[in-house]
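Protein chains in written order, with the working numbering: chain A, 712 to 844; chain B, 305 to 573.
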């Protein structure tokens, strides 16, 4: 998952983000559910750019980032920090992935009334990455 | 069923780069010749014929293949062939399309200057060739060069030569004779790196299409899958319109339309 590598690289190299989540940033599932806040990212879709010359030279990838915390106010701050880190990021190579652009596309809140975890708040953000192959 | 991907719109033997679709349209004006003798039915007669084509695609920056006219050594804008004779599309290339050119050698060099090379870039020049005897492929800039004398065989084989570009001058690639009197050459590529990357063809970019339009250049438009034995359509024309579309956070695209002039030919590839 190329987009995930880029997302991980950018977020773990942004102190405004790591000051909240350290390196608790992982694909698909959290490594440690007991420690908040944490960030989970996943690729939702990939649309190749097809022309007659050959394989796709640019993929348009939708990535969803879930931020979870048991404190709503801090969660909001983490979400803002992540948006600032990613939205319209300067094109370049991140984590070995050639990123042309990152667009912030959507955001929503959620609440998981999990008895075991005493309830956690979630923040969901969608980004669209244009990645050169 | 034909796969539309295989059908290209070519200009003077070079494809248009990054095509997503191309159209070809031929028409005939029909004159109404209905008379009292038509027994109540409309009658008509074909008159003036015309054709046109259009292409849609992505705006492409510098591609992996830095060489221009990678399948057309006869393109005088991009290749300097000297007194060598080029017979275009004389044989099937390494990918099953009839784009290989036959070079009948003199002592002259066939050359092309390559932009976009930076200091300390490795530049690899590769091509497929067959024949008998030897020929030389060479890549050079102001102070440095690298060349290889190829012993040609009867099978189309890929050869390459690599140069570490130590100055900021453009790189020049060259093909010239050794002992061979002729050679078949196809799928020419120049890429950054120490090895030849998988071949990708180069084609007309928007900027080059603009030049053709702006200069009023008479072109040969060809609709072809370049497969030996298949039919193709070709004729002269002019680029009538060119459009550059740039939506926010989406890939820039172009649309190009070509108006045919004089007759259209249907030939066997």
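A virtual CB, placed ideally from N, CA and C, is assigned to each residue, including glycine.
| residue 327 (chain B): CB within 6 Å of a non-hydrogen atom of the ligand MN | Ligands in the displayed structure: none, and consequently the ligand MN is not present.
| field | Other residues of its chain near residue 358 (chain B): CB distance less than 6 Å, five sequence neighbours each side excluded | value | In the second chain, counting from the first residue as 1, residue 358 (chain B) sits at position 54. Excluding positions up to five away in sequence, the list reads 327, 561.
| Contact belief for residue 465 (chain B) with residue 377 (chain B) at Cβ below 8 Å, rounded distance in angstroms | Against the second chain, residue 465 (chain B) aligns to sequence position 161. Against the second chain, residue 377 (chain B) aligns to sequence position 73. That pair is no contact at about 17 Å.
| field | Assigned secondary structure, residue 531 (chain B) (DSSP; H/G/I helix, E/B strand, else coil) | value | Against the second chain, residue 531 (chain B) aligns to sequence position 227. Here residue 531 (chain B) carries a coil assignment [DSSP, helix/strand/coil].
| What residue range is occupied by the uninterrupted beta strand (DSSP E) comprising residue 720 (chain A)? | Counted from its first residue, the first chain places residue 720 (chain A) at position 9. No beta strand (DSSP E) contains residue 720 (chain A), which is instead part of the alpha helix (DSSP H) from 713 to 723.
| task | Using the Cα positions of residue 505 (chain B) and residue 718 (chain A), report the straight-line distance between them to the nearest angstrom. | result | Start at 1 with the first residue of the second chain, and residue 505 (chain B) comes out as number 201. Start at 1 with the first residue of the first chain, and residue 718 (chain A) comes out as number 7. The alpha-carbon atoms of residue 505 (chain B) and residue 718 (chain A) are separated by roughly 33 Å.
| field | Where residue 548 (chain B) falls, given that 16 or more other Cβ within 10 Å makes a residue buried | value | Taking the first residue of the second chain as 1, we reach residue 548 (chain B) at position 244. Residue 548 (chain B) sits exposed, since fewer than 16 C-beta atoms from the chains shown fall within 10 Å of its C-beta.
| said: Looking at the secondary structure, which residues open and close the alpha helix (DSSP H) in which residue 845 (chain A) lies? | reply: Residue numbering for chain A in the displayed model covers 712 to 844; residue 845 (chain A) lies beyond these limits and cannot be assessed.
| said: Would residue 800 (chain A) pass as an interface residue toward chain B - the criterion being a Cβ-Cβ separation below 7 Å? | reply: In the first chain, counting from the first residue as 1, residue 800 (chain A) sits at position 89. Residue 800 (chain A) does not count as touching chain B.
| message | Less than 7 Å between CB atoms is the rule here; does residue 398 (chain B) satisfy it with respect to chain A? | response | On the second chain, position 94 is the one that residue 398 (chain B) refers to. Residue 398 (chain B) does not count as touching chain A.
| task | Could you confirm whether any beta carbon from chain A is found closer than 7 Å to the beta carbon of residue 362 (chain B)? | result | In the second chain, the residue the question calls residue 362 (chain B) occupies position 58. Nearest CB-CB separation between residue 362 (chain B) and chain A: below the 7 Å threshold.
| query | Mind listing which residues of the region 804 to 815 of chain A have their C-beta closer than 9 Å to chain E's C-betas, in chain order? | reply | Here the protein chains are A and B, and chain E is not one of them.
| Are at least three pairs of beta-carbons, each pair with one atom in the region 470 to 483 of chain B and one in the region 410 to 426 of chain B, less than 8 Å apart? | Verdict: yes, contact present.
| Going by the CB atoms, is the gap between residue 456 (chain B) and residue 433 (chain B) shorter than 7 Å? | Counting from one through the second chain, the residue named residue 433 (chain B) turns up at place 129. Counting from one through the second chain, the residue named residue 456 (chain B) turns up at place 152. Yes, the Cβ-Cβ distance between residue 433 (chain B) and residue 456 (chain B) is below 7 Å.
| query | When DSSP builds the beta bridges, which residues end up paired with residue 736 (chain A)? | reply | Start at 1 with the first residue of the first chain, and residue 736 (chain A) comes out as number 25. Answer is A:750, bridged to residue 736 (chain A).
| task | Please decide whether residue 331 (chain B) counts as near chain A, where near means a Cβ-Cβ distance under 7 Å. | result | Here the question's residue 331 (chain B) lines up with position 27 in the second chain. Chain A, which has no Cβ nearer than 7 Å to the Cβ of residue 331 (chain B), makes this no.
| In chain order, what residues of the same chain have a beta carbon less than 6 Å from the beta carbon of residue 384 (chain B), not counting five sequence neighbours either side? | Taking the second chain and counting its residues from 1, the one referred to as residue 384 (chain B) is at position 80. So the list reads 415, once near-sequence residues are dropped.
| message | Using only CA atoms, which one of A:801, A:824, A:819, A:831 lies nearest to residue 841 (chain A)? | response | The sequence position of residue 841 (chain A) within the first chain is 130, counting from 1. Minimum Cα distance to residue 841 (chain A) is reached at A:801.
| query | Taking 7 Å as the CB-CB limit, is residue 716 (chain A) close to chain B? | reply | As a working note, residue 716 (chain A) is residue 5 in the first chain. For residue 716 (chain A), the answer is no, since every Cβ of chain B falls outside 7 Å of its Cβ.
| Looking only at DSSP bridge pairs, what is residue 319 (chain B) linked to? | Here residue 319 (chain B) is taken as the residue at index 15 of the second chain, counted from 1. Residue 319 (chain B) is bridged to B:314.
| said: Out of B:399, B:332, B:524, which one is the CA nearest neighbour of residue 532 (chain B)? | reply: The sequence position of residue 532 (chain B) within the second chain is 228, counting from 1. Nearest of B:399, B:332, B:524 to residue 532 (chain B), Cα basis: B:399.
| Alpha-carbon spacing of residue 546 (chain B) relative to residue 527 (chain B), whole angstroms | Locating residue 546 (chain B) in the second chain gives position 242, counting from the first residue. Locating residue 527 (chain B) in the second chain gives position 223, counting from the first residue. Using only the alpha carbons, I get a separation of about 19 Å.
| request: Could you work out which residue in B:491, B:330, B:369 is closest to residue 566 (chain B) when comparing CA atoms only? | output: The residue you call residue 566 (chain B) lines up with position 262 of the second chain. Here the closest residue by C-alpha is B:330.
| task | Kindly indicate the opening and closing residues of the beta strand (DSSP E) around residue 406 (chain B). | result | By one-based count along the second chain, residue 406 (chain B) stands at place 102. Per DSSP, residue 406 (chain B) belongs to the beta strand (DSSP E) from 404 to 408.
| message | Within a Cβ cutoff of 6 Å, which residues of the same chain sit near residue 775 (chain A), ignoring the five residues on either side of it in sequence? | response | Along the first chain, read from residue 1 onward, the residue named residue 775 (chain A) stands at position 64. Answer for residue 775 (chain A): 753, 755, 837, listed in chain order.
| said: Please report the distance separating the alpha-carbon of residue 429 (chain B) from that of residue 551 (chain B). | reply: One-based indexing of the second chain puts residue 429 (chain B) at position 125. One-based indexing of the second chain puts residue 551 (chain B) at position 247. In this structure, the alpha-carbon of residue 429 (chain B) lies about 36 Å from that of residue 551 (chain B).
| message | Run through chain A and tell me which residues come within less than 8 Å of residue 553 (chain B), C-beta to C-beta. | response | One-based indexing of the second chain puts residue 553 (chain B) at position 249. Think of a sphere of 8 Å around the beta carbon of residue 553 (chain B): the chain A residues whose beta carbon falls inside it are 812, 814, 839, 841, in chain order.
| Can you name, in chain order, every residue of its own chain whose Cβ lies under 8 Å from the Cβ of residue 715 (chain A), other than the five neighbours on each side? | Translated into positions along the first chain, residue 715 (chain A) becomes position 4. Counting only residues of its own chain and dropping the five nearest sequence neighbours on each side, residue 715 (chain A) has a CB closer than 8 Å to the CB of 738, 752, 753, 754, 774.
| field | Where the region 746 to 767 of chain A meets chain B: residues whose CB sits under 9 Å from a CB there | value | Within the region 746 to 767 of chain A, those residues whose Cβ lies closer than 9 Å to any Cβ of chain B are, in chain order, 760, 761, 762, 763, 764, 765, 766.
| said: Alpha carbons only, please: which of B:511, B:554, B:543 is nearest the one belonging to residue 769 (chain A)? | reply: Stepping through the first chain from its first residue, residue 769 (chain A) is reached at position 58. Ranking the options by Cα distance to residue 769 (chain A), first place goes to B:554.
| request: Check the Cβ of residue 490 (chain B) against every Cβ in chain A and list those closer than 7 Å, keeping chain order. | output: Taking the second chain and counting its residues from 1, one reaches residue 490 (chain B) at position 186. Under the 7 Å cutoff, chain A gives no residues; its nearest Cβ is about 16 Å from residue 490 (chain B).
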